[in-house]
Amino acid sequence: DIVLTQSPALAVSLGQRATISCKTNQNVDYYGNSYMHWYQQKPGQQPKLLIYLASNLASGIPARFSGRGSGTDFTLTIDPVEADDTATYYCQQSRNLYTFGAGTKLELK
Amino acid sequence: QVTLKESGPGILQPSQTLSLTCSFSGFSLSTYGMCVGWIRQSSGKGLEWLANIWWNDDKYYNPSLKNRLTISKDTSNNQAFLKITNMDTADTATYYCARIYGDYYVMDAWGQGASVTVSS
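Protein sequence lines, in the order shown, are assigned to chains A and B. Residues in the first sequence are numbered consecutively from 1029, following our numbering. Residues in the second sequence are numbered consecutively from -4, following our numbering.
The following block contains the structure:
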């Protein structure tokens, strides 16, 4: 199994940068693509795709969100953070079946 | 516009079989590269992928639950189904279906979820 590790929580101030990390125990790269994706989930709602293949912005997602990384280390950055960004953020790999990280809860200071 | 909606019994008793339906629009499961998956989330917990089915009827299951899961589809009615046998209180969760975009193996659209409670 590919295990994804995220920090459980992060607190940032409005207008500042939030960086959420995701580390995997196996390489999720394959033929030039990193099969790592990021989702946002607000309470009572379904997850929403933010970033696919590590760095590609999903349709309709503001450019404040960005992703980077390869191999086993990935980050999601939100810059600047807005009040509406308070949510839990999940990374997910699809290199070998599908597994999710435990989620990082983003809160405002 | 891609939409998905899950439906299920809401409540069932331990040892019963859960039957879930995902009704979708905006794409077809007969189209090359299309896929629908099932994911669940226990209250306050993270996300767990369960199974997915491809346009060509290939099926994949979470190894930890494989012997209890059956996924299927009805292409003509734009529906996908999941059965889970021998339900336990630990299976109480919100069950989501999602479209998986085959080129990137990414879940790019999700249903609102169906709450399932297992209780005697």
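Positions of the beta carbon are idealized from the N, C-alpha and C atoms, including for glycine.
If I follow the unbroken beta strand (DSSP E) through residue i, where does it start and stop?
i, result
"B:N47", "L42 to W49"
"B:D69", "L64 to D69"
"A:K1133", "T1132 to L1136"
"B:E1", "T(-2) to S2"
"B:S18", "L13 to S20"
"A:R1096", "F1093 to S1098"
Any beta carbon from chain A within less than 8 Å of residue i's own beta carbon?
i, result
"B:V101", "yes"
"B:Q107", "yes"
"B:Y27", "no"
So which residues on chain A does residue i lean against when the C-beta distance must stay under 7 Å?
i, result
"B:L7", "Within 7 Å Cβ-Cβ: nothing; B:L7 doesn't reach chain A, min ~22 Å."
Between residue i and residue j, what straight-line distance do the alpha-carbon atoms span, to the nearest angstrom?
i, j, result
"A:T1127", "A:N1055", "13 Å"
"B:G108", "B:L42", "12 Å"
"B:I34", "B:A46", "7 Å"
"B:S138", "A:D1029", "Since the first residue shown for chain B is -4 and the last is 115, residue 138 of chain B is missing from the structure and cannot be characterised."
"B:T70", "B:T26", "10 Å"
"A:T1033", "A:Y1118", "10 Å"
"A:A1111", "B:V31", "33 Å"
"A:D1107", "B:T12", "46 Å"
"B:L64", "A:Q1044", "44 Å"
"A:Q1121", "B:I6", "31 Å"
"A:I1048", "A:T1105", "6 Å"
"B:V(-3)", "A:L1077", "13 Å"
"B:D52", "A:N1084", "29 Å"
"A:G1097", "B:F22", "31 Å"
"B:I95", "A:K1070", "21 Å"
"B:A104", "B:L(-1)", "8 Å"
Interface residues of chain B around residue i at Cβ under 9 Å?
i, result
"A:F1128", "I34, G41, L42, E43 and W44"
"A:A1086", "V101 and D103"
"A:P1075", "I34, Q36, L42, Y91, A93, M102 and W105"
Under 8 Å between C-beta atoms, does residue i make it to chain B?
i, result
"A:L1125", "yes"
"A:S1049", "no"
"A:P1090", "no"
"A:G1099", "no"
"A:S1122", "yes"
"A:G1043", "no"
Anything in chain A within Cβ reach of residue i, meaning under 8 Å, just list it in chain order.
i, result
"B:Y90", "Those within 8 Å of B:Y90 in chain A number zero; the least Cβ separation is about 11 Å."
I believe residue i touches residue j by the beta-carbon criterion, under 8 Å. Please report the beta-carbon distance rounded to the nearest angstrom.
i, j, result
"A:L1134", "A:T1103", "Not really, about 13 Å apart at Cβ, beyond 8 Å."
"B:I48", "B:I66", "5 Å"
"A:N1053", "A:L1081", "Contact doesn't hold; Cβ gap of about 20 Å is too wide."
"B:S115", "B:Q8", "6 Å"
"A:S1074", "B:Y91", "Looking at the sequence provided, one finds Gln at residue 1074 of chain A rather than Ser. Between B:Y91 and A:Q1074 the Cβ distance is about 6 Å, and since that is below 8 Å, they are a contact."
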